[in-house]
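If you use my numbering, the first sequence corresponds to residues 573 to 1009, in order.
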Amino acid sequence: MTSKELKTYGKSDYVSELDSSSAGKIVTLTGFVHRKREHGGVIFIIFRDPTGIVQVAGHRKHASQAAFEAMQQVTLESAIRLIGKVQVDKRAPTGIEIHVTSFEIVSLAGSEWPLEKDAGDAFLYDKRHLYLRSPSQTAIMQIKAEISRAAHEHLDGEGFTEIFPPILVSASVEGGATLFPLEYFGSTAYLSQSAQLYEEAAICGLEKVYLIAPSFRAEKHRTRRHLTEFWHLEAELTFATHDDIMGVEERLVHAICKHIKSKCKRQLTLLGAKIKVPSLPFKRITYDEAIEIAAQQGFKASWGEDFGREIERAISQQFKEPFFIKGYPTSARSFYHLPDPDRPEVTLSSDLIAPGGFGELTSGGQRIHDLDQLMERIHEQSLDPSSYSWYLELREFGLPPHAGFGMGLERCLVWLLGLKHIREACLFPRTPSRIRP
RNA sequence: GCCGGGGUGGCUCAGCCCGGUAGAGCGGGAGGCUGUUAACCUCUAGGUCGAGUGUUCGAAUCGCUCCCCCGGCGCCA
573 MTSKELKTYG KSDYVSELDS SSAGKIVTLT GFVHRKREHG GVIFIIFRDP
623 TGIVQVAGHR KHASQAAFEA MQQVTLESAI RLIGKVQVDK RAPTGIEIHV
673 TSFEIVSLAG SEWPLEKDAG DAFLYDKRHL YLRSPSQTAI MQIKAEISRA
723 AHEHLDGEGF TEIFPPILVS ASVEGGATLF PLEYFGSTAY LSQSAQLYEE
773 AAICGLEKVY LIAPSFRAEK HRTRRHLTEF WHLEAELTFA THDDIMGVEE
823 RLVHAICKHI KSKCKRQLTL LGAKIKVPSL PFKRITYDEA IEIAAQQGFK
873 ASWGEDFGRE IERAISQQFK EPFFIKGYPT SARSFYHLPD PDRPEVTLSS
923 DLIAPGGFGE LTSGGQRIHD LDQLMERIHE QSLDPSSYSW YLELREFGLP
973 PHAGFGMGLE RCLVWLLGLK HIREACLFPR TPSRIRP
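Shown next, in the form of structure tokens:
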């Protein structure tokens, strides 16, 4: 039978559903040739679908001639459909084996599948469109989807409303240097680097909002933590303080960890990742205390500046669970952060730091809701008020105290799974040196 | 932008210091094999050594210029 004759693929089974209790069952599988080992009279094919791999055995004397010949002919990564009987066999890699009765090549792959065992990272990402098929990359994408699902379920449960912000914007959140410009009917528009300003507009109607949307940063970073395009989980709520938003953040991170740990066991095992669900509430230390911790590790941080990477890592290494550093100096934060009324040189803001040297996971805080105070900060930072006209107008019409945060979805994945590089967390990563495939 | 590492068959690399005209493993092709575990055995094809330029009888190898890639930092999620 060829695929042209098929009325339906009649798919009924997935690899992950097969175990020793399936012995004797006739299954129909669709997927790909992951490995092939040919021995003359017997051929082993490692079959792969989205849920795992299983060995398929074809014997010249037992399988039909058509099935055996198709197995001889098939190449690595060809798409196949097969019917066979499940058998328990200790010699098979997963302890289970399918003895073929029907083997159909749905789409024959060329003989030179380029991804070999010793392929380097650069090559794998040049071939990302093919590399994505591999079990590890499939598992990462499945977990990424579950992080999104966990976030939706958790935030919906806390009464947040999902919003869908613009990606094409006219001004930046904090400056201009890190925006990607584009031609927009004779004027210049930019790709959004954060939806925060739009969230602040949305909360007066919706009270609690969140989004998962792409953000763009035109910064030539050469590190394993940076992308030029990433998926940004941002939330904002009104009638709320800095303490309220830290509560939202820690409950969310806790919920994500719990969800992934229970829903993604197979993927975590495959990736060799273990998730420790952190206990609530997370520790909160002040910026000043963080400086002291750095000093104990032999690092001198000068007050008023954000921590450098080395110092942040040293501080993070002193913790076993995520923790907040709060009270960052006003001089080190963006113009919209609310200065502490009792101590204006620091802001009511915080970063959530992942432990063990990982570093920043989220950044958030309470925003300035008073117009005069915001204008003052805009002038202090030499920004142009006309760029923020609608954002300022929000403050003229009853904007309550409010707070929010942002988290990079890919960074969350890197932390949870212990990935070596943030590009592993992306379907098609975008970095300064990579825009294709 | 700054600091460091690197560009040699399809892939991963050796050769470069001490110049003599390119090699391995994997992958590909052909053949063999009834229990493999990214199988094994035999045969085989495949490279203007990142680009330009200089020195030299001779450059993958030495000098200069440039390009690209990788890691780190500044900054950030």
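The beta carbon of each residue, even a glycine, is placed where N, CA and C say it ideally should be.
N-terminal and C-terminal residue of the beta strand (DSSP E) that residue i is part of
i	result
glutamate 917	915-919
leucine 910	Per DSSP, leucine 910 belongs to no beta strand (DSSP E) and is neither H nor E.
glutamate 932	931-938
serine 759	759-763
phenylalanine 604	598-610
Beta-ladder partner(s) of residue i, from DSSP
i	result
valine 672	Gly656
threonine 795	Paired residues: none, contrary to the question.
lysine 898	Thr858 and Ser922
isoleucine 677	Ile652
valine 741	Tyr762
threonine 841	Threonine 841 is not bridged to any residue.
glutamate 734	Tyr782
leucine 955	Beta-bridge pairing links leucine 955 to no other residue.
Spatial distance of residue i from residue j (CA atoms)
i	j	result
glycine 613	glutamine 839	35 Å
glutamine 890	histidine 974	32 Å
phenylalanine 757	serine 954	29 Å
leucine 763	leucine 989	29 Å
glutamate 669	valine 626	6 Å
leucine 754	phenylalanine 640	56 Å
leucine 687	threonine 710	15 Å
histidine 701	leucine 924	34 Å
glycine 731	alanine 773	18 Å
proline 927	lysine 633	58 Å
aspartate 944	histidine 951	11 Å
glycine 899	aspartate 816	15 Å
tryptophan 987	serine 674	44 Å
arginine 967	histidine 941	6 Å
glycine 980	alanine 635	51 Å
threonine 919	glycine 976	14 Å
alanine 691	arginine 794	21 Å
phenylalanine 930	arginine 885	6 Å
tyrosine 513	serine 959	Absent from the model: residue 513. The displayed extent of the chain is 573 to 1009, so no value can be given.
threonine 750	threonine 647	46 Å
alanine 595	alanine 664	14 Å
isoleucine 784	alanine 807	9 Å
glutamine 768	lysine 855	26 Å
Proximity below 8 Å, CB of residue i to CB of residue j
i	j	result
serine 906	histidine 814	no
valine 781	isoleucine 735	yes
tyrosine 963	arginine 939	no
glutamate 649	valine 605	yes
proline 901	tryptophan 875	yes
isoleucine 652	glutamate 684	no
serine 935	glycine 978	yes
leucine 809	isoleucine 775	yes
serine 834	glutamate 893	no
leucine 999	leucine 991	no
leucine 933	leucine 824	no
isoleucine 715	cysteine 836	yes
Helix, strand or coil at residue i [DSSP, three-state]
i	result
glycine 978	strand
proline 753	strand
leucine 991	coil
lysine 780	strand
threonine 800	coil
glutamate 893	coil
glutamate 577	Note that glutamate 577 scores a pLDDT of 45, beneath 50, so its modelled location is shaky; the value from the coordinates is reported in the next line. It is helical.
alanine 651	strand
phenylalanine 640	helix
threonine 666	coil
proline 786	strand
isoleucine 887	helix
glutamine 548	Lying before the first or after the last residue shown, residue 548 is absent from the chain, which here runs from 573 to 1009.
alanine 867	helix
arginine 1008	coil
glutamate 684	coil
glycine 748	Legend: pLDDT at glycine 748 = 48, less than 50; position of this residue unreliable, no value from coordinates given.
alanine 773	helix
alanine 997	helix
glutamate 877	coil
leucine 985	helix
Endpoints, alpha helix (DSSP H) assigned at residue i
i	result
lysine 830	814-835
tyrosine 963	961-966
phenylalanine 616	No alpha helix (DSSP H) contains phenylalanine 616, which is instead part of the beta strand (DSSP E) from 614-621.
histidine 724	707-729
histidine 941	Histidine 941 -> no alpha helix (DSSP H), and no H or E assigned at all.
alanine 694	693-698
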